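Quick notes on the structure that follows.
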Amino acid sequence: MKSKVIRWGLIGLSFLITGCQSLPSLDGRTQSIAYSKQQVANTYFAKALVPLEQQYGADKSGVFPLIEADEAFAARMMLAKYAQRSLDVQYYIWRNDMTGTMLFEALHEAADRGVRVRLLLDDNNTNGSDPILLGLNSHKNIEVRLFNPFMLRKPRWWGFLTDFSRLNRRMHNKSFTADNSLTIIGGRNIGDEYFGATDDVLFADLDILSAGAAVQDVSNDFDKYWRSASSYPLERVVRSKHSMPLFELRKKSAEIAASAGAQQYVESLRESPFITQLEQRNIDFEWLNVRMVSDDPRKGLGQAQKESLLIQQLQDIIGDPNIDVELISPYFVPTEAGVEAFAWLVRKGVEVKVLTNSLSATDVAAVHAGYAKRRKALLKSGVTLYEMQRHPTQAKRLKRKKRFLGSSGSSLHAKTFSVDRKHVFVGSFNFDPRSANLNTELGFVIDSPRLAQRINQAFYDEIPAHAYQVKLTDNGRIYWTEQRDAGVQTYTSEPNSSVWRRISVHMFSWLPIEGLL
Numbered sequence: 000m001k002s003k004v005i006r007w008g009l010i011g012l013s014f015l016i017t018g019c020q021s022l023p024s025l026d027g028r029t030q031s032i033a034y035s036k037q038q039v040a041n042t043y044f045a046k047a048l049v050p051l052e053q054q055y056g057a058d059k060s061g062v063f064p065l066i067e068a069d070e071a072f073a074a075r076m077m078l079a080k081y082a083q084r085s086l087d088v089q090y091y092i093w094r095n096d097m098t099g100t101m102l103f104e105a106l107h108e109a110a111d112r113g114v115r116v117r118l119l120l121d122d123n124n125t126n127g128s129d130p131i132l133l134g135l136n137s138h139k140n141i142e143v144r145l146f147n148p149f150m151l152r153k154p155r156w157w158g159f160l161t162d163f164s165r166l167n168r169r170m171h172n173k174s175f176t177a178d179n180s181l182t183i184i185g186g187r188n189i190g191d192e193y194f195g196a197t198d199d200v201l202f203a204d205l206d207i208l209s210a211g212a213a214v215q216d217v218s219n220d221f222d223k224y225w226r227s228a229s230s231y232p233l234e235r236v237v238r239s240k241h242s243m244p245l246f247e248l249r250k251k252s253a254e255i256a257a258s259a260g261a262q263q264y265v266e267s268l269r270e271s272p273f274i275t276q277l278e279q280r281n282i283d284f285e286w287l288n289v290r291m292v293s294d295d296p297r298k299g300l301g302q303a304q305k306e307s308l309l310i311q312q313l314q315d316i317i318g319d320p321n322i323d324v325e326l327i328s329p330y331f332v333p334t335e336a337g338v339e340a341f342a343w344l345v346r347k348g349v350e351v352k353v354l355t356n357s358l359s360a361t362d363v364a365a366v367h368a369g370y371a372k373r374r375k376a377l378l379k380s381g382v383t384l385y386e387m388q389r390h391p392t393q394a395k396r397l398k399r400k401k402r403f404l405g406s407s408g409s410s411l412h413a414k415t416f417s418v419d420r421k422h423v424f425v426g427s428f429n430f431d432p433r434s435a436n437l438n439t440e441l442g443f444v445i446d447s448p449r450l451a452q453r454i455n456q457a458f459y460d461e462i463p464a465h466a467y468q469v470k471l472t473d474n475g476r477i478y479w480t481e482q483r484d485a486g487v488q489t490y491t492s493e494p495n496s497s498v499w500r501r502i503s504v505h506m507f508s509w510l511p512i513e514g515l516l
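Have a look at this one:
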């Protein structure tokens, strides 16, 4: 018995020592920056964009919303396929699934053509991907870095116990930039659920494909993160020798592409008019004023100044709304201060409408608890609330419907809002304490009355048909209404959610975790 206690004690001590292992030195880390406009002037994308940039001016940015999930995947594949000098890629999540593997192989193929690939991933979601990342990193034209890495690769949770203050801060940014000429930013991570390629949870999301001035801003921001004190070369963190040979990655990708599921997905892509636009290089950009907003990467270490935070930049650009605010956020945790801010807007005559996930649609029940505890106060203040319904997923779309939130999606994941029918934000920022205070974020503020009108119209036409509206009775009780063909269905508790799920949310609401959500 005593020997067992000693043995388990030594195991626990070894975990503690390993979990507290110091981060490696960054001395001698390779230095690189985005290629200049002059260096990429002869690339395919740059030459194609010259007439447009000359027509609209060097200070304008081309904007094309990527609404349909499979079109967002196709756009990324197109950037990787036709890049000639560089791919700078930054993500919070990159799944090792069908679409994730195909995009990994697309980066590999680009590197084989001589394209310089810089891949920066947040390390919170790389569990199980070390072999494939090591394989990519072994290529002479690919460098992989991890943001706020876990020195103990397994189990990850031990790192949180021993280095919580650092590892609780994550890089939530998402960008995919080719030849410093075209970039994609927005809410989507890399994975089947973000690209409509699974029968499980599908996310209704929004990205922006952009050209022009905003691309240089994204490239400059990527460089900041690439050289930040939180970005570590993969080989200094991952000691494993179990690297996936790149010929195996190519074989795995080919097998996936030949599978029945992938063939069905590709058939869906062929139905898209956007694919024809891509193939003919005839994308209908709207050329506008676009301002990138991004957190200082030092936020990942808790060292960023207030004025360098995205939320402060948003305030400086947009100011105080005067007409309306229409907010779409999957993880909406307004906090007491946020409720008061929305109430102040309503009192001064601003119409405030919010769409977030219902309990049945959310993938994070604890976050819903943080929202639900403020729900009644929001309604009393005059905020109009909608909660996205969970819809059955379909492996293949039978008909594309040009809705602002796409033609499919069982859970909301888009992060966007419009202000005064002229300013639109699209990016990775959720209206919750985590985005504001802990995670780093990235987005665009777009001066587009046309896009703002699409959001406004969605709240009148599309959202009421696909979301519950949350209301208060005369005596202050919450209820939900659903528009159905046969009439209005009313619910007095969280619609289409189990008793146990409702109980768990209620229990989460008691915990002092709002600042972590």
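With numbering that gives the first Met the number 0 as the guide, the letters of the sequence shown map in order to residues 0 to 516.
Ideal placement from N, C-alpha and C gives every residue a C-beta, glycine not left out.
Please read these numbers as outputs of a predicted model, since none were measured by experiment.
Residue i vs residue j beta-carbon contact at 8 Å
{"i": "I512", "j": "A413", "result": "no"}
{"i": "A451", "j": "S409", "result": "no"}
{"i": "V351", "j": "Y385", "result": "no"}
{"i": "V143", "j": "V289", "result": "no"}
{"i": "L441", "j": "S293", "result": "yes"}
{"i": "D191", "j": "D87", "result": "no"}
{"i": "I207", "j": "E325", "result": "no"}
{"i": "S496", "j": "L378", "result": "no"}
{"i": "Q388", "j": "Y330", "result": "no"}
{"i": "L132", "j": "L245", "result": "no"}
{"i": "A360", "j": "L411", "result": "yes"}
{"i": "V338", "j": "P320", "result": "no"}
{"i": "Q488", "j": "P463", "result": "no"}
{"i": "R187", "j": "A71", "result": "yes"}
8 Å Cβ shell around residue i - same chain, five flanking residues per side excluded
{"i": "K375", "result": "L471, G475 and I477"}
{"i": "S164", "result": "G301"}
{"i": "T42", "result": "A82, Q83, R84, D178 and S180"}
Three-state secondary structure (DSSP) of residue i
{"i": "G442", "result": "strand"}
{"i": "I183", "result": "strand"}
{"i": "L166", "result": "helix"}
{"i": "K223", "result": "helix"}
{"i": "E306", "result": "helix"}
{"i": "K414", "result": "coil"}
{"i": "K240", "result": "coil"}
{"i": "Y34", "result": "coil"}
{"i": "S197", "result": "The question names Ser, but residue 197 is Thr in the sequence shown. It is coil, neither helix nor strand."}
{"i": "V338", "result": "helix"}
{"i": "L22", "result": "coil"}
{"i": "A177", "result": "strand"}
{"i": "E285", "result": "strand"}
{"i": "M150", "result": "coil"}
{"i": "G514", "result": "helix"}
{"i": "P448", "result": "helix"}
{"i": "D323", "result": "strand"}
{"i": "H422", "result": "strand"}
{"i": "S218", "result": "helix"}
{"i": "G260", "result": "helix"}
{"i": "Y330", "result": "coil"}
Proximal residues to residue i (C-beta, below 6 Å), its chain only, five neighbours per side dropped
{"i": "D129", "result": "V237 and S239"}
{"i": "A212", "result": "D58 and S60"}
{"i": "D121", "result": "Y91, F146, R169 and M170"}
{"i": "I141", "result": "A110, V116 and L135"}
{"i": "K395", "result": "Note that K395 scores a pLDDT of 41, beneath 50, so its modelled location is shaky; the value from the coordinates is reported in the next line. Excluding residues within five positions, the ones whose Cβ falls inside 6 Å are Q263 and S267."}
{"i": "N124", "result": "I92"}
{"i": "K223", "result": "P296"}
{"i": "H367", "result": "L358, T361 and V504"}
Residue(s) in a DSSP beta bridge with residue i
{"i": "V366", "result": "In DSSP, V366 forms no bridge with anything."}
{"i": "D206", "result": "L65 and G185"}
{"i": "V469", "result": "L384 and W479"}
{"i": "T100", "result": "Paired residue(s): none; T100 is not in a bridge."}
{"i": "L119", "result": "Q89 and R144"}
{"i": "R155", "result": "In DSSP, R155 forms no bridge with anything."}
{"i": "L277", "result": "Per DSSP, none; premise fails for L277."}
Cut-off 7 Å between Cβ atoms - residues of its own chain near residue i, not counting five sequence neighbours on either side
{"i": "V214", "result": "T176, N179, S180, L181 and T182"}
{"i": "K251", "result": "T100"}
{"i": "F403", "result": "I66, R453, I454, A457 and E461"}
{"i": "G260", "result": "M97"}
{"i": "V39", "result": "A45, R84, D178, N179 and S180"}
{"i": "R280", "result": "A47"}
{"i": "L287", "result": "K59, S60, V62, I445, D446 and S447"}
{"i": "Y459", "result": "none"}
{"i": "L248", "result": "F103, E104, H107, I131 and G134"}
CB contact check: residue i to chain B, cutoff 8 Å
{"i": "W93", "result": "In summary, chain B is missing from the structure at hand, where a single protein chain is found."}
Exercise. Is the segment 443-462 touching the segment 417-428 in the sense that three or more CB pairs, one from each, lie closer than 8 Å?
Worked result: yes
Exercise. Contact between the segment 164-184 and the segment 239-248: three or more CB pairs below 8 Å?
Worked result: no
Exercise. For the 8 Å Cβ check, are there 3 or more pairs between the segment 142-158 and the segment 70-83?
Worked result: no
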